[in-house]
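Protein sequences, first through last, are from chains C and B.
If you read the first sequence in the numbering used here, its first letter stands for residue 1079, the second for the next number, and so on.
If you read the second sequence in the numbering used here, its first letter stands for residue 25, the second for the next number, and so on.
What follows is a single structure, written as C-alpha cells, with notes after it.
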Amino acid sequence: MASGTGVIALKYNGGVLLASDTLLSYGSLARYPNIQRIKQVGDKTAIAASGDYADFQYIANQLDELIVEDQLQDDGVSLGPKEVHGWLSQLMYNSRCKFEPLLNTVLVTGFQDGKSFLGFVDSIGTHFTCEDCMATGLASHLAMPLLRKKFESNPAMSREQAIEAIEEALTLMFYRDCRAFAKYQIADCTAAGVNISAPRLLNTKWDYKGFDFEVTKLITLPGTY
Amino acid sequence: VSTQSTWKSDRVALHKNIGLRVQWYEYQNNGAIPGVRSVSQMLSNMLYYRRFFPYYTFNLLAGVDENGEGVVFGYDAVGCTEPQKYGCSGSGNALIEPILDNQVLRQHQTKAGGEADFTMQEAVDLIKDAFTSAGERDIYTGDSVEIFVISKDGVKQENFPLKRD
C-alpha cells in the first residue's frame, strides 16, 4: 500500500512542467524516500500520479507495452500525450466499471503539434485537459490556488519563472502536507522532448526560535531538511 | 444538443457514444441528420439498456423538430423522458426549476393569461438570470455558463461568465 502524495503541473511559454516529490509513504511512515515518481512514456510524454504506487507501476507497464506495440508498427508516427491521455482514461474508466479501480490520479504532460499538453485522469475515469495548471491529491487544495495565481498574472511565463512557481508550490506542499517530502524532481516537456531532472532538495526554513529545542537540534542543522 | 449533469466519467462516456451513433446514422442515411425526436428515443433506449448498471447522468436534450418547433427532453438516469417546453437538471436544479415554472408556465401568477412565448433574446436573458441566481446560493454553480442557442439556422455558442466564488 505504498503511496505517493500530490503531483503538480504548470504550462509555460514553450512547454509544460510536471513535478513530484520522491517519497513513497506507507500510511504515515515515510518509507521509501528516493523513488522517481515521474515516468517518461515514449518520446513526447511524461506522466506522474498520486495514490497507490503499485497501481502506478501497473499503469507504467501497460503504457510501455502500448509504446512498444506502436513502435513495432514502424509507421513513422509515434504516440503523443493526447493519445496516452485518451488511452489511459479508458483504462481507468473500464477498471472502475469492473469494480477494480486503479487507485491513482494521473497527470499527463507533453508537447505535441507545436503545443504543450496537460491532461488529468482520475481513478473513476474522470478526464479532461487543462489550459493552465493542475494538481492532484492534497496539492489540489494547497498548490492549485498558488499556481493559478501565478499563471493568471503571467500566462506566457518563461521556463525559469515556471520553475520558480513550481518550487514555491512544492515548498508549500512540503510545509503543509504531512506525507510530502523536500526532495523532488521536475520533468520538462518541450518540442525537444522530455527531460526529467535529477532529484534535488527544496530550500526550507526551519531556524525559527520556536523550533530551537536541544532535543530537536537535528532538524535545525543546515543541509538537512 | 445534449447535455448532462453529475458523474463526469459516465457523462463523457455517454456523450461520446451518442456522438458515435449520430455519426453512424449520417453515414448510413446518405448524410441525413437525425431529428430531435429520433435522438431522444435513441438516448432513452441507450440509458435503459444500462438499467442494471446505469449511466449516472441526468440528461437534457434540446433541439428544433421537423415542424420548426423548439423542444426539450428531460431524462432520469434510466431513460424516462417526455417532450417539454423547458427543463433543468443538476445541483442547481431545485433553485432554477421554480423560476422556469413561474416564468414559462406562468404558475403562481394571478392574471397570468396562459403560458409565455419567448423571443430568442428573452429566452437567453431568462437563462442568464436563472444561472446568476443559482450561482448565488449553489456552491457548485459558478465560474461560467456555456449557452447554446439552437434555431433552424443552426447552433450558436455563447460563454457567459459568472461569479468565480
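The beta carbon of each residue, even a glycine, is placed where N, CA and C say it ideally should be.
Proximity of residue i and residue j at Cβ, strictly below 9 Å
i, j, result
"Ile1137/C", "Leu1101/C", "no"
"Gly1158/C", "Thr1214/C", "no"
"Phe1195/C", "Thr1204/C", "no"
"Phe1229/C", "Ala1217/C", "no"
"Met1235/C", "Met1222/C", "no"
"Asn1281/C", "Glu1245/C", "yes"
"Ile190/B", "Ile171/B", "What the structure shows of chain B is the stretch from 25 to 189, and residue 190/B is not part of that stretch, so it cannot be assessed."
"Ala1265/C", "Gln1118/C", "yes"
"Lys135/B", "Gly166/B", "no"
"Leu119/B", "Ser68/B", "no"
"Arg1109/C", "Gly1082/C", "no"
"Asn1112/C", "Lys1261/C", "yes"
"Ser1106/C", "Arg1257/C", "yes"
"Leu1220/C", "Ala1247/C", "yes"
"Leu71/B", "Val96/B", "no"
"Val1085/C", "Leu1185/C", "yes"
"Asp1099/C", "Gln1263/C", "yes"
"Phe1189/C", "Lys1122/C", "yes"
"Val63/B", "Gly92/B", "no"
"Cys1175/C", "Phe77/B", "yes"
Contacts around residue i, its chain only, beta-carbon distance under 7 Å, and the 5 residues preceding and following it disregarded
i, result
"Pro1179/C", "Ser1173, Ser1201, Ile1202"
"Thr1183/C", "Ala1127, Ser1128, Gly1129, Asp1200, Ser1201, Thr1214, Gly1215"
"Gly98/B", "Leu84, Thr105, Gln108, Gly111, Ser113"
"Arg45/B", "Met66"
"Pro58/B", "Val46, Tyr49"
"Ile1145/C", "Val1119, Gly1120, Leu1157"
"Lys1089/C", "Ser1194, Leu1196, Asp1210, Cys1211"
"Val128/B", "Lys109, Tyr110, Glu139, Ala140"
"Asp89/B", "Gly59, Val60, Arg61, Val95"
Per-residue burial, residue i [other beta carbons within 10 Å of its own, 16 or more giving buried]
i, result
"Thr81/B", "buried"
"Arg35/B", "buried"
"Leu1279/C", "exposed"
"Lys180/B", "exposed"
"Arg1254/C", "exposed"
"Asp1191/C", "exposed"
"Phe190/B", "Because residue 190/B is not part of the residues shown, which for chain B are 25 to 189, the question remains open."
"His1163/C", "buried"
"Glu1161/C", "buried"
"Asp177/B", "exposed"
"Phe1259/C", "buried"
"Met1251/C", "buried"
"Gly1288/C", "exposed"
"Ala1269/C", "exposed"
"Gln145/B", "exposed"
"Leu1150/C", "exposed"
"Ser168/B", "exposed"
"Lys40/B", "exposed"
"Ser115/B", "exposed"
"Thr1249/C", "buried"
"Ser1231/C", "exposed"
"Tyr244/B", "Absent from the structure is residue 244/B, since the part of chain B shown begins at 25 and ends at 189."
"Gly1154/C", "exposed"
"Gly137/B", "exposed"
"Gly159/B", "buried"
For residue i: DSSP bridge partner residues
i, result
"Phe76/B", "None, per the DSSP bridge assignment."
"His1205/C", "Val1199/C"
"Asp1266/C", "Leu1095/C, Asn1273/C"
"Ile174/B", "Val179/B"
"Ala1087/C", "Leu1096/C, Met1212/C"
"Arg1278/C", "Tyr1262/C"
"Thr1187/C", "Ala1124/C, Leu1196/C"
"Phe184/B", "Val169/B"
"Ser1081/C", "Ser1103/C, Asp1130/C"
Closer than 8 Å: residue i CB and nearest the ligand COA heavy atom
i, result
"Cys112/B", "Annotation note on the ligand COA: not contained in the displayed structure, which lists no ligands."
Beta-carbon contacts of residue i that lie in its chain and below 6 Å, excluding the five residues immediately before and after
i, result
"Gly1187/C", "Per the sequence shown, the amino acid found at residue 1187/C is Thr instead of Gly. For Thr1187/C, where only same-chain residues beyond five positions count, the Cβ hits under 6 Å are Ala1087, Val1094, Leu1096, Ala1124, Leu1196, Cys1267."
"Leu38/B", "Tyr79, Thr81"
"Gln131/B", "Asp125"
"Thr1207/C", "Gly1197"
"Ala1080/C", "Leu1102, Tyr1104, Tyr1131"
"Glu182/B", "Ile171"
"Ala154/B", "Ile120, Ile123"
"Tyr164/B", "Ser115"
Other residues of its chain near residue i: CB distance less than 8 Å, five sequence neighbours each side excluded
i, result
"Tyr51/B", "none"
"Asp1142/C", "Val1119"
"Gln192/B", "With chain B running from 25 to 189 in the structure shown, residue 192/B is simply not present."
> What residue ranges within the segment 81 to 148 of chain B form continuous beta strand (DSSP E) runs of no fewer than 3 residues, ordered along the chain?
Replying inline: 82 to 88, 94 to 99, 105 to 108
> Which whole runs of the beta strand (DSSP E) in the segment 1098 to 1184 of chain C are 3 residues long or more, in chain order?
Replying inline: 1102 to 1104, 1107 to 1110, 1116 to 1119, 1123 to 1130
> Which parts of the segment 1205 to 1259 of chain C are runs of the alpha helix (DSSP H), unbroken and 4 residues or longer, counting only runs that do not cross its ends?
Replying inline: 1217 to 1220, 1222 to 1231, 1237 to 1254
> What residues in the segment 1202 to 1229 of chain C bring their beta carbon closer than 9 Å to a beta carbon of chain D?
Replying inline: Absent from the structure: chain D. Protein chains present are C and B.
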